[in-house]
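Numbering (the numbering used here), first residue to last: 4 to 178. From the three backbone atoms N, C-alpha and C, an ideal C-beta is built for every residue, glycine too. Report on the structure given below.
Okay, structure coming up:
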């Protein structure tokens with residue numbers, strides 16, 4: 004499955020912002036089933052999304068918790084935590100960078116931090132994930148609209164100005 008520019012699309016590490024948005028969609032299981040293998044930074048992300056019970060999603064194999072490995076990942080965790088001020092986001096970035104995984108975040112600061120690095124990292128967001136779900140499963144226009152409106156309503160998320168899928172999102176939510 005190709006996402007964006009086709010960086011390492013076999014694995015995606017998701018931060019809490021994406022997990023919460025997908026949870027708000029009320030179709031998180033369907034969406035996660037349509038994308039490559041999804042991971043979360045176990046301790047850090049689960050602490051941040053503790054309001055939502057991720058247990059059934061993890062048990063069904065749709066989301067796999069993973070931990071920071073000793074060495075480079077620990078160093079990156081400390082570096083990103085100092086800059087981002089958010090352990091969950093720092094853990095997600097450290098894992099994605101060191102394992103060559105796509106990083107799913109809706110956090111603007113994370114995207115800026117990752118794009119300034121010396122490495123090339125594929126950064127995807129909730130709209131990218133929803134678009135992949137649509138392309139893979141071909142839901143109805145009403146189902147798509149409902150998912151987007153659920154995310155907007157429950158998470159207060161809209162694609163930021165300049166996002167490549169901002170107009171696409173608006174078109175679906177206006178139908």
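**Message:** According to DSSP, simplified to helix, strand and coil, what is residue 3?
**Reply:** Not covered by the structure: residue 3. The range shown for the chain is 4 to 178.
**Request:** Tell me where the alpha helix (DSSP H) around residue 42 begins and ends.
**Result:** Boundaries around residue 42 are those of the beta strand (DSSP E), 40-44, since no alpha helix (DSSP H) includes it.
**Message:** Could you tell me which whole beta strand (DSSP E) segments of length 3 or greater appear in the stretch 97-154?
**Reply:** Taking only runs of at least 3 residues, the beta strand (DSSP E) segments lying wholly in the stretch 97-154 are 105-107.
**Message:** So residue 67 and residue 92 are supposed to be a Cβ contact under 8 Å. How far apart are they, rounded?
**Reply:** Rounded to the nearest angstrom, the Cβ distance from residue 67 to residue 92 is 19 Å, too far for a contact under 8 Å.
**Request:** Indicate, with yes or no, if the ligand NAD has a heavy atom lying under 7 Å from the CB of residue 72.
**Result:** The ligand content of the structure shown is nil, which means the ligand NAD is not present either.
**Message:** Short of 8 Å in beta carbon distance, which residues of its chain neighbour residue 27, apart from the five on each side in sequence? Order them along the chain.
**Reply:** Closer than 8 Å at the Cβ level, and outside the excluded window around residue 27, lie 153, 154, 156, 157, 158 and 160.
**Prompt:** With DSSP run on the structure shown, which of helix, strand or coil describes residue 17?
**Reply:** It is a strand residue.
**Message:** Quick check: what's the CA-CA separation for residue 163 versus residue 22?
**Reply:** In this structure, the alpha-carbon of residue 163 lies about 17 Å from that of residue 22.
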